[in-house]
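First the structure, in the form of structure tokens, and then the observations on it.
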Amino acid sequence: MSPPATARLYYDDATLLDFHATVTGLRDGGRIVLLDRTAFYPTSGGQPFDRGELHGIPVVDVEDEEAVIAHHLASPLERPVGSAVHGRVDAARRMDHMQQHTGQHLLSAWLADRYGWPTVSVHFGDESATVDVTADVAAEDLPEQLARIEHEVNEAVVANHPITISYEDAATVSGLRKASDRDGMLRIITIEGIDRSACGGTHVSRTGAIGAILLRRAERTRGQLRLEFLCGQRAVTRARLDADLLARTARPLSASPADLPVLIEQQQQRVMTLERDRRQLLETIAGYRATELWAATRVTGSGVRHVEQVVDGAVRDHETLAQALTARGPCTVLLTTASGGLLLAASTDSGVDAGKQLKAILSAHGGRGGGSPRMAQGTLPPEHLESACRALRDSLQQPSP
Ligand SMILES: [Zn+2]
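For the numbering used here, add 1214 to where a residue sits in the sequence shown, where the first one is 1.
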């Protein structure tokens, strides 16, 4: 015989958080408990489940099975079917969910009626919630629009409109934001003067209890506009974190947060100028070093010089030196780093394909890399560097320096 349906106490009183009930069913050795009545809200309609305690045992999940509500407990309830139990819903978590959920009703109504932006979908997350709306608005107008919407919905919060629950027949109900696909009695949530929606969730009883509504972010996703919003204490907590983050960002710059946008732009300009100057200096230095190295290298019988040099840092930072050398005349250039980096460059008149030569040596010595006929780079285990260089010299048919 299936257990009797669970009466949902939260339907008519969202403030009732302490209740007594009778156990009507037990599953999984008492870890899942069914009751004749409950104040625990199960995950449904996007609103997450309530936590709390049942007979002193933590409730870790609550599932809606249509007729009954299944309470999942952290440990088995060691009481038989028919016993009386006491339930206590975590008030802070419930209030938080009611604020996000009711805030969404208000926000969606406002966006649809005042801006013509209907809500397509809603998601409630652990830290923030989002609504996806269809909105025809230019990207450059969006920040101003959002600031205005945020201001207006917060005014509607402060106006403290009553929020009521009524039961109306699906066949005769009118004025709903979205037609319900259910038959029979509908549970209607009305924000006076603002919205009428069929909904099974828990809501605060006046808009003032939603608390502040923060429209934090907007992004375009699959043709919709996704708005991140936070209500009540969440909005305050998030604003606090954002303010701390700004203060921390401003501190090393000895600036006030308000000066950050200008200051960061100035610093970016400065970094770009410095980077350009640095490149010019590196080119000048590379020219001098190339002259020195060129003079210190013997010309071989074939008329092609082979220049070798151990360099600091990464080999890619020394491309300019290799280019300065190969621009001087027929030569090959091998630059190495102690950590196993190699760069091989070849002048156009050297008769050497740097990419092919280096790749062959690297693959024979457990390394990887490649490049063009004029310049190639790679890395190999440092312990193979010496034998790889030797092999490379042989393949270039150059004597060791
Ligand atoms: Zn609702």
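Ideal Cβ placement from N, Cα and C applies to all residues, glycine included.
Measuring from the CB of residue i, is there a heavy atom of ligand 1 at a distance below 7 angstroms?
{"i": "residue 1445", "result": "no"}
{"i": "residue 1317", "result": "no"}
{"i": "residue 1417", "result": "yes"}
{"i": "residue 1403", "result": "yes"}
Taking residue i as the reference, give the member of the options with the closest Cα.
{"i": "residue 1534", "options": "1496, 1566, 1545 and 1542", "result": "1496"}
{"i": "residue 1598", "options": "1587, 1611 and 1582", "result": "1582"}
{"i": "residue 1543", "options": "1460, 1559 and 1334", "result": "1559"}
{"i": "residue 1263", "options": "1516, 1398 and 1340", "result": "1340"}
{"i": "residue 1318", "options": "1359, 1370, 1580 and 1296", "result": "1370"}
{"i": "residue 1380", "options": "1526, 1348 and 1226", "result": "1226"}
{"i": "residue 1155", "options": "1423, 1259, 1411 and 1402", "result": "Since the first residue shown for the chain is 1215 and the last is 1615, residue 1155 is missing from the structure and cannot be characterised."}
{"i": "residue 1467", "options": "1268, 1458, 1481 and 1530", "result": "1481"}
{"i": "residue 1538", "options": "1571, 1531, 1504 and 1552", "result": "1504"}
{"i": "residue 1327", "options": "1310, 1335 and 1347", "result": "1347"}
{"i": "residue 1249", "options": "1586, 1555, 1220 and 1569", "result": "1220"}
{"i": "residue 1594", "options": "1551, 1470, 1332 and 1246", "result": "1551"}
{"i": "residue 1529", "options": "1541, 1508, 1515 and 1557", "result": "1557"}
With DSSP run on the structure shown, which of helix, strand or coil describes residue i?
{"i": "residue 1377", "result": "strand"}
{"i": "residue 1365", "result": "helix"}
{"i": "residue 1390", "result": "coil"}
{"i": "residue 1471", "result": "helix"}
{"i": "residue 1341", "result": "coil"}
{"i": "residue 1430", "result": "strand"}
{"i": "residue 1401", "result": "strand"}
{"i": "residue 1226", "result": "coil"}
{"i": "residue 1571", "result": "helix"}
{"i": "residue 1321", "result": "helix"}
{"i": "residue 1327", "result": "helix"}
{"i": "residue 1315", "result": "helix"}
{"i": "residue 1293", "result": "coil"}
{"i": "residue 1419", "result": "coil"}
{"i": "residue 1479", "result": "helix"}
{"i": "residue 1336", "result": "strand"}
{"i": "residue 1436", "result": "coil"}
{"i": "residue 1372", "result": "helix"}
{"i": "residue 1382", "result": "strand"}
{"i": "residue 1395", "result": "coil"}
{"i": "residue 1351", "result": "coil"}
{"i": "residue 1605", "result": "helix"}
{"i": "residue 1409", "result": "strand"}
{"i": "residue 1591", "result": "strand"}
{"i": "residue 1231", "result": "coil"}
{"i": "residue 1579", "result": "coil"}
Can you have a look at residue i and say buried or exposed, based on whether 16 or more other CB atoms are within 10 angstroms of its CB?
{"i": "residue 1294", "result": "exposed"}
{"i": "residue 1564", "result": "buried"}
{"i": "residue 1611", "result": "exposed"}
{"i": "residue 1493", "result": "exposed"}
{"i": "residue 1313", "result": "buried"}
{"i": "residue 1409", "result": "buried"}
{"i": "residue 1273", "result": "buried"}
{"i": "residue 1301", "result": "buried"}
{"i": "residue 1270", "result": "exposed"}
{"i": "residue 1365", "result": "exposed"}
{"i": "residue 1256", "result": "buried"}
{"i": "residue 1224", "result": "buried"}
{"i": "residue 1589", "result": "buried"}
{"i": "residue 1367", "result": "buried"}
For residue i and chain C, any beta-carbon pair shorter than 8 angstroms?
{"i": "residue 1263", "result": "Given the protein chain composition of this structure (a single chain), no chain C is represented."}
Completely contained alpha helix (DSSP H) runs for the segment 1258 to 1286, where each covers 4 or more residues: none
4-residue-minimum alpha helix (DSSP H) runs that sit fully inside the segment 1503 to 1566, ordered along the chain: 1533 to 1540
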